[in-house]
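Novice: Before we start, here is the structure in question, set down as structure tokens.
Protein chains: 2
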Amino acid sequence: MKRIFEVDPWHVVSHELVPADKRLQESMTSIGNGYMGMRGMFEEHYSGDTLKGIYIGGVWYPDKTRVGWWKNGYPDYFGKVINSVNFIKVNVTIDGDQVDLAKDNVSDFTLDLDMYTGILRRSFIVTKGEKRVQFMIDRFVSVAQKELFDVHYSVHNLSNEPVQVSFMSQIDADVFNEDANYDEQFWQVLDKSHAITGGSMFAETKPNDFGTPRFTLGMQMLHETSLRGINAPDAEKAVTNIFRGELAPDETKNFEKRVLVVTSRDYADMPAMRTGLAELSETVSSQSYEDLRQAHVDGWAQRWQLADVVIDGDDAAQQGIRFNLFQLFSTYYGEDKRLNLGPKGFTGEKYGGATYWDTEAFGVPFYLSLAKPEVTENLLEYRYNQLAGAFHNAKMQGLAGALYPMVTFNGIECHNEWEITFEEIHRNGSIAYAIFNYTRYTGDETYLKTKGIDVLTGISRFWADRVHFSQRNQQYMIHGVTGPNEYENNVNNNWYTNFMARWTLEYTLASLKKVSADKRAELKITDDELAKWQDIIDRMYFPHDDKLGIFVQQDGFLDKDVQPVSAIPADQRPINQHWSWDHILRSPYIKQADVLQGIYYFMDRFTPEEKKRNFDFYEPLTVHESSLSPAVHAILAADLHYEDKAVEMYERTARLDLDNYNNDTVDGLHITSMTGSWLAIVQGFAGMRVTDDTLAFAPFVPKAWTRYQFHVNFRGRLLKVDVDQQGTTVELVSGNPLTIELNGKTVEVANTVSTK
Amino acid sequence: MKRIFEVDPWHVVSHELVPADKRLQESMTSIGNGYMGMRGMFEEHYSGDTLKGIYIGGVWYPDKTRVGWWKNGYPDYFGKVINSVNFIKVNVTIDGDQVDLAKDNVSDFTLDLDMYTGILRRSFIVTKGEKRVQFMIDRFVSVAQKELFDVHYSVHNLSNEPVQVSFMSQIDADVFNEDANYDEQFWQVLDKSHAITGGSMFAETKPNDFGTPRFTLGMQMLHETSLRGINAPDAEKAVTNIFRGELAPDETKNFEKRVLVVTSRDYADMPAMRTGLAELSETVSSQSYEDLRQAHVDGWAQRWQLADVVIDGDDAAQQGIRFNLFQLFSTYYGEDKRLNLGPKGFTGEKYGGATYWDTEAFGVPFYLSLAKPEVTENLLEYRYNQLAGAFHNAKMQGLAGALYPMVTFNGIECHNEWEITFEEIHRNGSIAYAIFNYTRYTGDETYLKTKGIDVLTGISRFWADRVHFSQRNQQYMIHGVTGPNEYENNVNNNWYTNFMARWTLEYTLASLKKVSADKRAELKITDDELAKWQDIIDRMYFPHDDKLGIFVQQDGFLDKDVQPVSAIPADQRPINQHWSWDHILRSPYIKQADVLQGIYYFMDRFTPEEKKRNFDFYEPLTVHESSLSPAVHAILAADLHYEDKAVEMYERTARLDLDNYNNDTVDGLHITSMTGSWLAIVQGFAGMRVTDDTLAFAPFVPKAWTRYQFHVNFRGRLLKVDVDQQGTTVELVSGNPLTIELNGKTVEVANTVSTK
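Heads up: the protein sequence lines correspond to chains A and B, in order.
Following the UniProt record's numbering, the numbering of the first sequence begins with 1 at its first residue and continues without gaps.
Following the UniProt record's numbering, the numbering of the second sequence begins with 1 at its first residue and continues without gaps.
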């Protein structure tokens, strides 16, 4: 654990510039608007250690798959998140001497991410000899105009003499990925132009061997300043503008850089892209800095109005949940159905790919409650639109139907460990579950009947081909899988996987009864196929232990040397950094919820005793070495009234990055797991459920808190829930009156209901 | 299957030069002398497709391990077999025009590997315009003087006019490995010198990051010819001699290149190496070509005298067994205990590493019968000398004791698939078994008591730490392994692995009773440890099926969809080229003997019924996609009197490379599996066993054969066994009379015994 920012309800703020923590600081001060985003690295030259990262949603490069020993069916390429052309660059000089915060005499330093406004501010004083200059720098990527990046400098001369300042602003294609294999670069400059006060560049990703699309970026930079533009030399890969001027003692001057970034993803061809960029530039040129900034701030205010969670009595928890909401919304706010929730969002290049099953398991329930239904529908349509890729993935394994990928940009699997790529197939279950979850939450079956059914049918066909019939047992089995607990590989009859397979078949059969005859015909459903699915449902095998009364994680699990996590010496934790893989695999330790994930998904299908026995058995064996693990345990613990355990689990998820719990936040933030802290509060502490079209709450307040408040969207209503030690108040902020269940009682919310 | 050479009892001969088959031809005409060797590529420039490969035993380079996703415990490097400096190079011109068999008008071509003499001969006529020149080229690496490579040209002018010929002879360090990652080169020239008639070079492997030894080669080339040496320019990385002369019509001239190759492996320092090389050059210079050649031919004649197998009635089988013996002896004849049986010997660069468990499982029984005991003892000492590496490997997995590597040059594991590196630990069992096998065959316990016991104790300590006690079952288990059948990974309680673990503990306990008290003290054996081992022996779990009466390959095996190999569509064979890995893993198909490997090792511990039931169950599930598989099945089938099955299995091993069965002989020969054909004849058809100090035979003759003869060494005797349809004759060629068992009867062999 390492906390380098102050605890503050709305700010991520620090007054120190510690070179050793620079990357960590950069990760934590990342900003984004769903379309693009960047780490908190400085615009100016910085000669110290830094991880530069600017990312554009949906822009990637297929990198040749490299493995020790090739196996049939491996993907050809891995989808790499590539660093964009650096369009934020601004090098500053004072009396001709370059500002470099790694070397300069810096004082009064502040780095402040204002989560309420989505603006990252830096301020500091640089002293060079007799000269002292104060900087105030505000950066944002606009949530009102997605193509707009804006950085605004205020420089104030604190010296008794005049100071010469210059700003060299660039769009620079000479960028690298740290994870490049051969220090190769991914951008080729197509053309560029510049005038005295601005410039533009078009750059394209280099060709690839795999026939995946190349991407073009178009970037126009505009500058607003009273400083004088001068002729600037162009480098081969950069467009440059230089502005110079003098600051009298005590004088302040401003320098604003606006960059408009368009991509070939949004335009039919280059001429259209050029026109689009020109129009955007014109629109933006006609507005003042204050206008642009206010539109952005208003956008964030609106988001918070719908989604803020207030926690009284625990500022660290308050900061944690807001930070997570801020970063989630910065990554994805549902505007572009071709995009998804990347594991690192716009905060780092690690992992690659844009989409994991995290989206369906942890993202969908979050966006269902905090955004309009269209946002979640976009997440579902993303999968619908990638069905062709899922068919391809199944075919690569010689199987029928659709297998959604573990990691992808375009639907084609790009992960390349056999035990994951080929075997962690439970991911398919979460894709189906998301359709169920959306339909249950919204009460709207339109998506299910028109598109969802195609996805469900594809997935069911996969399961029906992937099971085998064991003659000896006269039951269907699924061998050779990796469950959600990736600390077991190639196991037989993972309870969760078998459960999700059977459930998918059931749900698909039920859903097919609701769709039109035309749709069934289009899907070429036959009676034989339905009968086969029913047979699998009827004769699916599930490992179970009668003595312990638990669902068994996989066939061999109980043969292990079953000892609780507390038996592991402290200096061997986390085990994934201390044990060799075989040691982990044969241990009983669970990386993240596995059987419990299934129980969480279908909470109302299990008795309290079943939930308790399984939780009591598996939780003590769980090391939570996935950031996705604690939230599910928090929710189940709350359900079982294990309130202390629920709070303990919540605390592991809420400030994971802010406190650098896993010692890897330098690489970027754990975006997809950030939903977990919100789910722990709302589904855990507040006990929110949707059963039979009814929304229910059964809240408690963690001992250390005095109160918490949150909002949820539900079927056209916006509800505000306020919980303190006296009870719960549910307020109907907008929409028609609604009947809900509160602490087990049915109540109608017309304005406000309260148990206080 | 592809047969490009003629069937001939002693020759591998072809009269065609087919460019598309060049690599295959090169693999099959590889020669070696245990110290060095090379593929059958030409000395002269050849502009067509070719895989150049010259290899020096024990000379390698540690290549950084590359995997998709790193896991704790992976080896840092992979030991790469590197292509030596090319010292065989001879470029020839005719009237100034370079000879290039890929382009020239070539006639009367013959390529002939004489297995009896170990000489590779090429002859052909090159026609360039009016000029016709006949070449006769003999190449050998001497088995009498290991450092000597010799190539001898006879050129004969068939034209009516004089012909100018030149020979440009080089030592050239500008060589590549095809499997280099970045086209990097591994040799750095230290120094070189040349005179008119010869030259020398010293070259060193480039530095590495892993602290493994660098190797230096010293090479001296000498030439014997009546052609005139002229001044030759040196390239940066090559030493060159040029010889020119004129051939009158019908005139023949000779050109002989001798190269002496020494390595830093055999010398304390560079001055010693220079002196050694000079002395060798002097020795060799004093001898004629005929002398050098004869000494080499005599060496091979002696080997054949001790080891030849004669088969009457089946020339293809005859050629197959001789080819395998020839290539095995070319790879390893026991002279250097630092070397071992590399999987490709000196015939290709693929796989890397020098040592696999193939050595102990398939090499040791072969060399026990065909060479002096010292040769096998050297193979055992190789492992003894690498105990430190085995301790390191176990430690990398957090385990006690010794884990021998899957692939290595120096004892440190260098394979990097987790399911092999960490899990295919049964290899340890074969290391122990080899000690038992050697001791049983030789009747000499000296090695066991002095060195073998150290290895056995180390391995037993590994097993004792690697098992776990399953509380539920109250038995010891071994989870997370890959058995000999690599088509299952990460399984629990692989019968073979558990069996070998228990047997090793038993054998170590028994052996410890025989060693001195000092030895036991040195090994720090405690009573507690012995008690623990005994407890594991007593309570080891073995999967067994009472209904089928078989040992079960691993816990989940019988839950599979068990269908015979005959159910696989023909166009999906071999499955490893058609199925994705998950498909293979959950199938019931077996790559190579697994349960049956254990039964083969301990043939006399199982009843005929047990052997039959297990063979009948497992053989139909076996795809034999490892070259090591058919031999074990041939031997077991013979034991069960399934003679047709035994012959079928023999045929799959005998001409594997000659007929390019697996379509991969272009990469090099399957050296380690070549012992299989010999074992199939001797332990299979002839039923050779050693039980309770007694050698036994129970032969039959395959229907297509009229007779076969072979030799075996046994406890100081050389026996010749002759089998035909009338019966068996055993002749004592040398040594004292011996009591053996023949067809179940005890007989004494003083001169000859016969059942005919």
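Ideal Cβ placement from N, Cα and C applies to all residues, glycine included.
All of these numbers come straight from a predicted model, not from anything done at the bench.
By the criterion of Cβ-Cβ separation under 7 Å, what are the contact partners of residue 585/B in chain A?
Specialist: 480 and 490
Novice: To which residues of the same chain is residue 312/B closer than 6 Å at the C-beta, ignoring the five residues directly before and after it?
Specialist: 706 and 707
Novice: Can you list, in chain order, the residues of its chain with a C-beta nearer than 6 Å to that of residue 322/B? Leave out the 5 residues immediately preceding and following it.
Specialist: Cβ neighbours of residue 322/B beyond the five flanking positions: 115.
Novice: Which bits of chain A does residue 471/B rub up against, with CB to CB less than 8 Å?
Specialist: 561 and 562
Novice: For a contact meaning CB atoms closer than 7 Å, what does residue 398/B contact in chain A?
Specialist: 579, 580 and 583
Novice: Look at the alpha carbon of residue 403/A and the alpha carbon of residue 459/A, and state the distance between them as a whole number of angstroms.
Specialist: In this structure, the CA atom of residue 403/A is about 6 Å from the CA atom of residue 459/A.
Novice: With a threshold of 8 Å between beta carbons, is residue 60/A in contact with chain B?
Specialist: For residue 60/A, the answer is no, since every Cβ of chain B falls outside 8 Å of its Cβ.
Novice: Check each residue of the stretch 46-73 of chain A: if its Cβ is closer than 9 Å to any Cβ of chain B, include it; give the result in chain order.
Specialist: 65, 66, 67, 68, 69, 71, 72 and 73
Novice: Return the residue from the list 658/B, 744/B, 722/B and 729/B that minimises the CA-CA distance to residue 691/B.
Specialist: 744/B
Novice: Using DSSP's beta-bridge definition, name the partner residues of residue 114/B.
Specialist: 11/B and 119/B
Novice: State the DSSP-derived secondary structure class of residue 203/A, mapped to helix, strand or coil.
Specialist: strand
Novice: I want to see whether chain B comes within less than 8 Å of residue 227/A, judged by CB atoms only; does it?
Specialist: no
Novice: Just confirm the distance between the C-beta atoms of residue 418/A and residue 69/B, as a whole number of angstroms; I'd bet it's less than 8 Å.
Specialist: Residue 418/A to residue 69/B, Cβ: 11 Å. No contact.
Novice: Along the chain, where does the beta strand (DSSP E) that runs through residue 614/A open and close?
Specialist: No beta strand (DSSP E) contains residue 614/A, which is instead part of the alpha helix (DSSP H) from 608-618.
Novice: Over the uninterrupted beta strand (DSSP E) stretch that includes residue 304/A, give me the two end residues.
Specialist: Counting along the chain, residue 304/A falls outside any beta strand (DSSP E), though it belongs to the alpha helix (DSSP H) covering 289-307.
Novice: My output table needs one value for residue 405/A: the three-state DSSP class, helix, strand or coil.
Specialist: coil
Novice: List, in chain order, every chain B residue whose beta-carbon is nearer than 8 Å to that of residue 426/A.
Specialist: None at all; the shortest Cβ gap to chain B is about 13 Å.
Novice: Would you say residue 353/B reaches chain A, if we count a Cβ-Cβ gap shorter than 8 Å as a contact?
Specialist: no
Novice: Please state whether DSSP places residue 694/B in a helix, a strand or coil.
Specialist: strand
Novice: CA-CA distance, residue 247/B and residue 139/B?
Specialist: 23 Å
Novice: Write down the C-beta distance between residue 224/A and residue 214/A rounded to the nearest angstrom, noting that I regard them as a contact closer than 8 Å.
Specialist: Not confirmed; about 33 Å, so no contact.
Novice: Using beta carbons (cut-off 8 Å, strictly below), is residue 556/B in contact with chain A?
Specialist: yes
Novice: Can you check whether the CB of residue 334/A is closer than 8 Å to the CB of residue 409/A?
Specialist: no
Novice: At a CB distance below 9 Å, what residues from the stretch 406-439 of chain B approach chain A? Give them in sequence order.
Specialist: 415, 416, 417, 418, 419, 420, 421, 422, 423 and 425
Novice: What separation, rounded to the nearest whole angstrom, lies between the Cα atoms of residue 77/A and residue 613/A?
Specialist: Roughly 44 Å separates the two Cα atoms.
Novice: For the alpha helix (DSSP H) holding residue 495/A, just list the boundary residues, first then last.
Specialist: From DSSP, the alpha helix (DSSP H) with residue 495/A extends over 495-512.
Novice: Judging by CA-CA distance, which residue of 332/A, 400/A, 401/A and 22/A is the nearest neighbour of residue 371/A?
Specialist: Proximity to residue 371/A across 332/A, 400/A, 401/A and 22/A peaks at 332/A, based on C-alpha coordinates.
Novice: Whose C-beta lies closer than 8 Å to the C-beta of residue 537/B among residues of the same chain, with five residues either side of it excluded?
Specialist: Here the set comprises 502, 505, 506 and 509.
Novice: Check this for me: beta carbons of residue 277/B and residue 292/B, under 8 Å apart or not?
Specialist: no
Novice: Select from the stretch 523-540 of chain B all residues with a C-beta closer than 7 Å to any C-beta belonging to chain A, and list them in chain order.
Specialist: none
Novice: Could you work out which residue in 464/B, 593/B and 566/B is closest to residue 534/B when comparing CA atoms only?
Specialist: Across the set 464/B, 593/B and 566/B, the C-alpha of 464/B shows the shortest separation from the C-alpha of residue 534/B.
Novice: Do we get a CB-CB distance below 8 Å when we pair residue 468/B with the residues of chain A?
Specialist: yes
Novice: Once DSSP output is grouped into helix, strand and coil, what is the label at residue 329/B?
Specialist: Of the three classes helix, strand and coil, the one that applies to residue 329/B here is helix, per DSSP.
Novice: Nearest-angstrom Cα distance between residue 73/A and residue 31/A?
Specialist: Inter-residue distance for residue 73/A and residue 31/A is about 38 Å (C-alpha atoms, whole angstroms).
Novice: Among the residues of its own chain, which have a CB less than 6 Å from the CB of residue 753/B, if the five just before and after it don't count?
Specialist: 730 and 747
Novice: CB residue 26/A to CB residue 36/A, shorter than 8 Å?
Specialist: no
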